[in-house]
Structures are given as structure tokens and as C-alpha cells.
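A.B. asks: Line by line, the protein sequences give chains Y and R. Quick note on numbering: this note's numbering labels position 24 of the first sequence as 24, and the sequence is numbered without any gaps. If you count the second sequence from 1, you need to add 136 to reach this note's numbering. Even glycine gets a Cβ: it sits at the ideal position worked out from N, Cα and C. Below are the C-alpha cells for one structure; questions will follow.
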Amino acid sequence: MKLKNIYQPLFALLLLLSASFMGCKKDFPVDEDGLLITARAECFVSNFELLGADFITVRAKPVVIDTTAQTVNVEVLFGTDLKNVYPQFSLASDCKLDPKITGKTDLSDLSNPKVYTVVSGNRLVRKPYTVIIKYQ
Amino acid sequence: MRTPSFKHLVLVFFTAAIFLAGCQKEEYKIPDPVSDLTNDALKRSLGPNIVSQTIEFAYAMALPKEKGKLVLAEVEASIAGATGTFLQNNSFTTGGAGQDVPVLVGEPSVNKDNRTSVTFNVDTNAATLRYFYVIPEAARGKTVSFTFSATASNGSKVTYKLGPYNISKMDIKRLIAVSNNNNAYISIEDMAVYNATSAVAVAGKIDLVYLFRTTPSAFLHGLVSPAADPIYLPGVTLPAGVNRSSKVRREFGVQDRNLANLQFGIYVDDRDFQEIQLANSPNYAIGLRAEASTWVETADGKYRAYIYVNAVSTASGGSAVISILRYAL
């Protein structure tokens, strides 16, 4: 057999192989936000910060996070304008927050504390956390 | 394998030669010397152009020695500069320590209408003069252009145009001393501060009250609207008729260079006032300290202002030094 004649079948084989490799790529599941859904079931708030309109913290004391009662207790400085604050949550790995925080938030209604739900990495566990604010 | 023919070898050789020839470095040529009067100008000052402030330019002109000497330098502004506008009759050299050393080259500048000129009185063929244009009230919110020109003894004349430059609508007032329970009533419209007695006469123009309190600890120096919740005006008896409610937002990240005595590299400009949203802001700002600032919108919506705190003191009941940039809406 001439060397030239084996090129064609070899090329076809190579194409076939590469096509089959492409088909083997794993399909990672993503949620409606395009975020990766993982196997993690941990679901809690690990830290919380509250910044004023001037991007300076308005906390008067360290935040108290109760993961059993699912509350975030913040004491803010006298005179804090709670209509214009930026809440910042730190969550367990792969978790996300619902509703999302998109910018300046109004937390001034102290009698109706705002509730944020933490959703776990596997998107199966949902824990609502209440942000309880009081003035210094 | 076949041995390459002579023809092939020649072809390869020529191709290589062409490539190599393309890489040859060009010889440096001394540029043509300037053969006649030439000029150049640049703007030296930065930031927004605010009425009553100065815009500084440097205007350079030169001609070959054998062609003559400089006779006249002139600047024409599209809007005549305010009192204090001048073209410096010095040229400068750089001293050993890098400082500017002035060299007198002409008569003091003369302003006529919107022209400012210096007549040279020394035999020089090169000079760089600085031009200081004091922005007049007439230019507020408009644009100003400048035409620099130089005339030589051989009759040749050159011109250089700069601009147009936007002139800000802002007003500036620096270093206003305010004190707790005394000169505490601030009017944005007047860009001035009043005490309890004098504030009565301008009660409708008082936008903010300065106060200092040590308790609660977060209070300290504050700028509070007269109509704010009384908990932000502890122990304050407002003069009759002082009752306006301004929108106030405290700011820590912005220190305007014009107000902060040239300390920071940030300028507040017209656009900041046009775009800032204060509708949802409170009517007080407390916890102020030196180098903090506030954005203010007056109750009647006529003005927006930026108030910079230059200095604060807790001595004798509390006082502060503030500076104001004001923008009429």
C-alpha cells in the first residue's frame, strides 16, 4: 500500500475522535441567574455590613448574627439615614441572596424588618434571615 | 533528494537580500532650523474655570537672531477678562534648584478692551510669557477662546489659538468661619453665615444650622436644616422665621481641590451638580470632621451646593471653617 493512500482514512478517524471528545464534555447545571448549582447544602449568613450613602459604616457595634433564629441584629449610629444604606451580606460558599441587593436600599421601616432569604449552593435549602436594626 | 539548482539558490539569495534591505536603518537628519517667527501656547491651570478665578497660560515665541527681535506679544480673549487680567512681562529661566527665575523682558502689560499686550523693551529673540485671565462675570456659563499673537521687528506676525474653554456656572466662597451658638446660620443663596440676630432679617434664606454636640458621640460637628427633626437640633432656639428644609448628603470621598487649599487632586465641576440625586436625602448631616463635605440642595430647588469642611475645633464650644461651591439650577 502506498503511503499516500492511508492519509484519507487517518484524517477521517481523527475527525471522528475529536467529535466524540466534544460530546463527552460535562454539562454543568446553572440556575436562572447563570450561577453554578453545586452539591453544597450549607445555608447561612456569615457576616453583615451596613454602609451609609457616604460608603462609611453606620454600625455602632459589631453585628450579631443568630443562625438558629435566623436574624441579623445591627445597632446603627445616631442620625443614620436608613433610607439610603448599602447592606452587604457574606454568605456560606455557593449561596445566593433573594431578593438581590442592587444598590441603595431603604431599611428605614424599623417596625417591619426586611427579610432576605439565603439560598444554598444546591438551591434546595432556603433560609429567611430578618435584618433587625435599632438606633444607638 | 535532488540537489537545488543554481537558479533556485539565486532566487533565495535575492529574496533574502530584499528583506535585509527593508530593515536598513534610516540616517538621522538634522531638522530644518526655524527660519522665521514661530509660536506655541499651552494652558497651565487645571480644573473647572470658575468666575473670579484665574486661568493661566504660557505663550512662547521665537525667531532666528539674524531675523530681528521680538517687539510685541498680545492676547485677545473672546470675552474681556476681569480686573487683574495680565500678560506677565517676564520670561523665565530655571534656577539651580528647579525654581522659576524671572527675567524682565518688557513693559508691564496693557489691557485694552479684550486685548492684553506686552511691548518688549529688551533685545530678545525668544521669550515665554505667562498670561493670567481672570474670569469675568460676563463669561459665566459661556465659552471663552484666546488668540495669542507675536510681532517681530522684521514685521512678521504669528498667531496661536487656544480654546474654546467652558466657563463654569459655579460660585466659590472660601474659608467661612462658623461657630456653635454664634455664627451658625448658613445661607447658600448669600454664601454667608449669620448669627441669631442677623439671621432674622434673612430668615427665608437660611438653609443650614451649624452645631457641635459631644453627646451622642456620633454627633460632633453637624450641618442641620432648620426644619429637621428637633433631635438633630438639641438646645437650639431657631430665630423667628428660620424654617427651611434642605436636602443634605454627607460625603467623605470627595475633597475639592479649589476649596481644600490645593491639597487634593479632585475637582467638583458643574456636571456633578447637574447629575447628583439628592431628592431622597435627609435634611441633616452630622458626624462631620475636617476634610469631610456635604452636598446640599436648597428647599426652593434654586441651588445645589458642595460644602467642604476645611477645619474643625472643639475649643470654646465648637467651631469650623467651611468653603462653599454653589451651582444655580
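So, residue 63(Y) versus residue 48(Y), is the Cβ gap smaller than 7 Å?
C.D. replies: Here residue 63(Y) corresponds to residue number 63 of the first sequence, with the count starting at 1. Here residue 48(Y) corresponds to residue number 48 of the first sequence, with the count starting at 1. Yes.
A.B. asks: Could I get the ranges of all uninterrupted beta strand (DSSP E) runs contained in the region 49 to 123 of chain Y, with 3 residues as the minimum, in chain order?
C.D. replies: Those beta strand (DSSP E) runs which fall completely within the region 49 to 123 of chain Y and span 3+ residues are 64 to 66, 71 to 76, 86 to 91, 96 to 98 and 114 to 119.
A.B. asks: Starting from the C-beta of residue 86(Y), find all residues in its chain whose C-beta is less than 6 Å away, skip the five residues before and the five after it, and write them out in chain order.
C.D. replies: Numbered from its first residue, the first sequence carries residue 86(Y) at position 86. Closer than 6 Å at the Cβ level, and outside the excluded window around residue 86(Y), lie 51.
A.B. asks: Skipping 5 residues on each side, what residues in its chain have a beta carbon closer than 6 Å to that of residue 278(R)?
C.D. replies: Position 142 of the second sequence, counted from the start, is the residue given in the question as residue 278(R). Correct list, in chain order: 303.
A.B. asks: Taking 7 Å as the CB-CB limit, is residue 388(R) close to chain Y?
C.D. replies: Taking the second sequence and counting its residues from 1, the one referred to as residue 388(R) is at position 252. Yes, its Cβ sits closer than 7 Å to a Cβ of chain Y.
A.B. asks: Check whether chain R comes within 7 Å of residue 81(Y), counting only Cβ atoms and requiring the distance to be less than that.
C.D. replies: Against the first sequence, residue 81(Y) aligns to sequence position 81. For residue 81(Y), the answer is yes, since a Cβ of chain R falls inside 7 Å of its Cβ.
A.B. asks: Let me know the secondary structure DSSP gives residue 201(R) once reduced to three states.
C.D. replies: Translated into positions along the second sequence, residue 201(R) becomes position 65. Here residue 201(R) sits in helix by DSSP.
A.B. asks: Is it buried or exposed for residue 448(R), if we count other Cβ within 10 angstroms and need 16 for buried?
C.D. replies: As a first step, residue 448(R) must be located in the second sequence, where it is residue number 312. Counting Cβ neighbours within 10 Å, residue 448(R) comes out buried, since at least 16 surround it.
A.B. asks: Compute the Euclidean distance between the alpha carbons of residue 88(Y) and residue 132(Y), then round it to the nearest angstrom.
C.D. replies: Along the first sequence, one-based indexing puts residue 88(Y) at 88. Along the first sequence, one-based indexing puts residue 132(Y) at 132. Using only the alpha carbons, I get a separation of about 14 Å.
A.B. asks: Short of 7 Å Cβ to Cβ, which residues in the region 337 to 357 of chain R face chain Y?
C.D. replies: The region 337 to 357 of chain R vs chain Y, Cβ under 7 Å: 352, 354 and 355.
A.B. asks: Any chance you could list the beta strand (DSSP E) runs of at least 3 consecutive residues sitting entirely within the region 203 to 286 of chain R, in chain order?
C.D. replies: The qualifying runs are 206 to 213, 226 to 230, 236 to 240, 246 to 248, 251 to 255 and 262 to 270.
A.B. asks: For residue 460(R), collect the residues of the same chain with a Cβ closer than 6 Å to its Cβ; drop the 5 residues on either side in sequence, then sort them by chain order.
C.D. replies: Here residue 460(R) corresponds to residue number 324 of the second sequence, with the count starting at 1. Correct list, in chain order: 309, 327, 441 and 443.
A.B. asks: Can you tell me which of the three DSSP states residue 1(Y) falls into?
C.D. replies: As a first step, residue 1(Y) is located in the first sequence; it is residue number 1 there, counting from the start. Low local confidence applies: a pLDDT of 49 at residue 1(Y) is under 50, so the model's placement there is unreliable, and no value is given.
A.B. asks: Under three-state DSSP, which class holds residue 403(R)?
C.D. replies: Along the second sequence, one-based indexing puts residue 403(R) at 267. Coil at residue 403(R), not helix or strand.
A.B. asks: Write down the C-beta distance between residue 188(R) and residue 271(R) rounded to the nearest angstrom, noting that I regard them as a contact closer than 8 Å.
C.D. replies: The residue given as residue 188(R) occupies position 52 in the second sequence. The residue given as residue 271(R) occupies position 135 in the second sequence. About 6 Å; that satisfies the 8 Å criterion.
A.B. asks: With residue 174(R) as the anchor, note down where its beta strand (DSSP E) starts and where it stops.
C.D. replies: As a working mapping, residue 174(R) is identified with position 38 in the second sequence. Note, residue 174(R): beta strand (DSSP E), 174 to 179.
A.B. asks: Please name the residue, chosen from 376(R), 427(R) and 421(R), that lies closest to residue 433(R) on a Cα-to-Cα basis.
C.D. replies: Residue mapping note: residue 433(R) aligns to position 297 of the second sequence, counting from 1. The residue with the shortest Cα to Cα distance from residue 433(R) is 421(R).
A.B. asks: How should residue 185(R) be labelled, buried or exposed, when 16 other C-beta atoms within 10 angstroms of its C-beta is the threshold for buried?
C.D. replies: Taking the second sequence and counting its residues from 1, one reaches residue 185(R) at position 49. The residue in question, residue 185(R), is buried, as its Cβ has 16 or more Cβ neighbours within 10 Å.
A.B. asks: Would you mind working out which of 179(R), 142(R) and 288(R) sits nearest residue 206(R), comparing C-alpha positions?
C.D. replies: Indexing the second sequence from 1 puts residue 206(R) at position 70. Comparing Cα positions, the closest option is 288(R).
A.B. asks: Helix, strand or coil for residue 309(R), going by three-state DSSP, please let me know.
C.D. replies: Translated into the one-based positions of the second sequence, residue 309(R) becomes position 173. Here residue 309(R) sits in strand by DSSP.
A.B. asks: Going by Cα to Cα distance, which pick from 71(Y), 39(Y), 68(Y) and 59(Y) is closest to residue 150(Y)?
C.D. replies: For chain Y, the structure presents residues 1 to 136; residue 150(Y) sits outside this window and is missing.
A.B. asks: What does DSSP give as the partner residues of residue 47(Y) in its beta bridges?
C.D. replies: Here residue 47(Y) is taken as the residue at index 47 of the first sequence, counted from 1. DSSP lists 90(Y) as partners of residue 47(Y).
A.B. asks: Any residues in the region 87 to 113 of chain Y with a beta carbon nearer than 9 Å to a beta carbon of chain R? Which ones, in chain order?
C.D. replies: Those would be 104 and 106, in chain order.
A.B. asks: From residue 114(Y) to residue 217(R), what distance separates their C-alpha atoms?
C.D. replies: If you number the first sequence from 1, residue 114(Y) lands on position 114. If you number the second sequence from 1, residue 217(R) lands on position 81. In a straight line, the C-alpha of residue 114(Y) is about 58 Å away from that of residue 217(R).
A.B. asks: Are there 16 or more other CB atoms within 10 angstroms of the CB of residue 173(R), so buried, or fewer, so exposed?
C.D. replies: One-based indexing of the second sequence puts residue 173(R) at position 37. When all chains shown are included, residue 173(R) counts as buried.
A.B. asks: Nearest to residue 282(R) by alpha carbon, out of 253(R), 424(R) and 145(R)?
C.D. replies: Here residue 282(R) is taken as the residue at index 146 of the second sequence, counted from 1. Checking every option, the nearest Cα to that of residue 282(R) belongs to 253(R).
A.B. asks: If you draw a straight line from the C-alpha of residue 455(R) to the C-alpha of residue 108(Y), how long is it?
C.D. replies: Taking the first residue of the second sequence as 1, we reach residue 455(R) at position 319. Taking the first residue of the first sequence as 1, we reach residue 108(Y) at position 108. Each residue's alpha carbon lies about 31 Å from the other.
A.B. asks: Of the residues that make up the region 28 to 56 of chain Y, which ones have a beta carbon closer than 9 Å to any beta carbon in chain R?
C.D. replies: Cβ contacts with chain R: 52, 53, 54, 55 and 56.
A.B. asks: Just how far apart, CA to CA, sit residue 352(R) and residue 40(Y)?
C.D. replies: Stepping through the second sequence from its first residue, residue 352(R) is reached at position 216. Stepping through the first sequence from its first residue, residue 40(Y) is reached at position 40. Between residue 352(R) and residue 40(Y), the C-alpha separation is close to 45 Å.
A.B. asks: Please list, in chain order, all residues of the same chain as residue 61(Y) whose beta carbon is under 7 Å from its beta carbon, the five residues on each side excluded.
C.D. replies: Here the question's residue 61(Y) lines up with position 61 in the first sequence. Cβ neighbours of residue 61(Y) beyond the five flanking positions: 75.
A.B. asks: Go to residue 334(R), then tell me how far its alpha helix (DSSP H) extends in each direction, as first and last residue.
C.D. replies: Translated into positions along the second sequence, residue 334(R) becomes position 198. Per DSSP, residue 334(R) belongs to the alpha helix (DSSP H) from 332 to 335.
A.B. asks: Using a threshold of 7 Å, state whether the C-beta atoms of residue 238(R) and residue 226(R) are closer than that.
C.D. replies: Reading the second sequence from its first residue, position 102 is the one you call residue 238(R). Reading the second sequence from its first residue, position 90 is the one you call residue 226(R). Against a cut-off of 7 Å, the Cβ pair of residue 226(R) and residue 238(R) comes out as a contact.
A.B. asks: List, in chain order, every chain Y residue whose beta-carbon is nearer than 9 Å to that of residue 385(R).
C.D. replies: Within the second sequence, numbered from 1, the residue matching residue 385(R) stands at position 249. The contacting residues are 53, 54, 81 and 84.
A.B. asks: Assess, as a yes-or-no matter, whether the region 292 to 301 of chain R is touched by the region 190 to 207 of chain R under the definition of 3 or more beta carbon pairs within less than 8 Å.
C.D. replies: Touching, yes.
A.B. asks: Along the region 363 to 381 of chain R, what residues have a CB closer than 8 Å to any CB found in chain Y?
C.D. replies: Taking 8 Å as the Cβ-Cβ cut-off against chain Y, the residues of the region 363 to 381 of chain R that qualify are 368.
A.B. asks: Return the CA-CA distance between residue 344(R) and residue 317(R), expressed in angstroms with no decimal places.
C.D. replies: Position 208 of the second sequence, counting from 1, holds the residue named residue 344(R). Position 181 of the second sequence, counting from 1, holds the residue named residue 317(R). So the two alpha carbons sit approximately 13 Å from each other.
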